[in-house]
Amino acid sequence: MFTGIVEEIGRVIERIPGNGYDSLVISGKKVMEDLKTGHSISVNGVCLTVVDRSEESFLVHVIPETLEKTNLGDFVPGSLVNLERAMGPTDRFHGHVVQGHVETVGYINNIAVDRGNVRMTVTIDNRWLRYCIPKGSIALDGVSLTIVDISPVGLTVALVPYTLSQTTLGKKQVGEPVNMETDIVARYLERFLEMDPYEEYGDIDVGKLRSWGFGES
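Under the working numbering, the first residue of the sequence shown carries the number 4, and numbering increases by one thereafter.
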């Protein structure tokens, strides 16, 4: 699990096509302090597994589905990426729950500068837009952000100078893709509301649980 607080901007050193997956070699500094083989790491919001590392870089494998459904498929040597190590059990929770399971790619359709801050508008398919609300959370390229406005075709987030300088979002241009992960709480709520309360799950259904006293106030 991640929090959407990017630790540093890394750089793609090499992309190696393989049989069934591509390998990415990515350089970093801060994330390398305690990164080990087998650890999870967020690369532009995508949860990947470290399969090898050197003193200043690490290697991950990326399957075709991920390459097709995220902007990782656009990576070339020199591409800049947002990096975040998985959250530790004693870490402070500064952002929001980010799984690293990117749902879709949105496209930046407007960037407006206002006294040093930036309002970025991103188009997103309505299938995913329904999970977004004003003042709610969303992860763009792995960055935890607050939604400031919703339109029929997309959403707008505000980027403060710190976020612009410490993440790749400060280097984005209109038309570029961004990985998007909506708030998991909204998706769980929708799932619960869609459930048939008397649908059977094995030998137990919701009605039986209620007959045993569960769910009673």
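We treat Cβ as the ideally placed atom computed from N, Cα and C, and that holds for glycine.
Integer-rounded CB distance, given that T170 should sit under 8 Å from V53: About 21 Å; that fails the 8 Å criterion.
One question on the structure: do V101 and A142 come within less than 9 Å of each other, judged by their Cβ atoms? yes
Please report the straight-line C-alpha distance between P80 and L27, rounded to a whole angstrom. 9 Å
Identify whether S214 lies in helix, strand or coil by the three-state DSSP scheme. helix
So what's N47 in DSSP terms, helix, strand or just coil? coil
Considering only C-alpha positions, which residue in the set E11, N22, D37 is nearest to D46? Here residue 46 turns out to be Val, not Asp, going by the sequence shown. Looking at the Cα atoms, E11 is the closest of the given residues.
Proximity below 9 Å, CB of K174 to CB of L83: yes
Identify the residues that DSSP records as bridge partners of G23: which are they? For G23, which the question treats as bridged, DSSP gives no partner whatsoever.
Buried or exposed, going by whether 16 or more other CB atoms sit within 10 Å of the CB of I29? buried
Neighbour-count burial assignment, S147, 16 or more Cβ in a 10 Å radius: buried
What is the C-beta distance between N74 and V108, in whole angstroms, given that I count them as a contact (C-beta under 8 Å)? 6 Å
Please confirm whether N182 and G210 have their CB atoms less than 9 Å apart. With respect to the 9 Å criterion, N182 and G210 are not classified as neighbours on the basis of their beta carbons.
Limits of the beta strand (DSSP E) - the one that F61 falls within: For F61, the enclosing beta strand (DSSP E) covers residues 60–65.
L132 beta carbon less than 9 Å from that of I114: no
Starting from L162, trace the alpha helix (DSSP H) both ways and give me its first and last residue. L162 -> not in any alpha helix (DSSP H); beta strand (DSSP E) instead, spanning 157–162.
Can you list, in chain order, the stretches of the beta strand (DSSP E) that have 3 or more residues and sit fully within the segment 90–148? Positions of the beta strand (DSSP E) runs, each at least 3 residues long and wholly inside the segment 90–148, are given as 107–117, 120–126, 140–143 in order along the chain.
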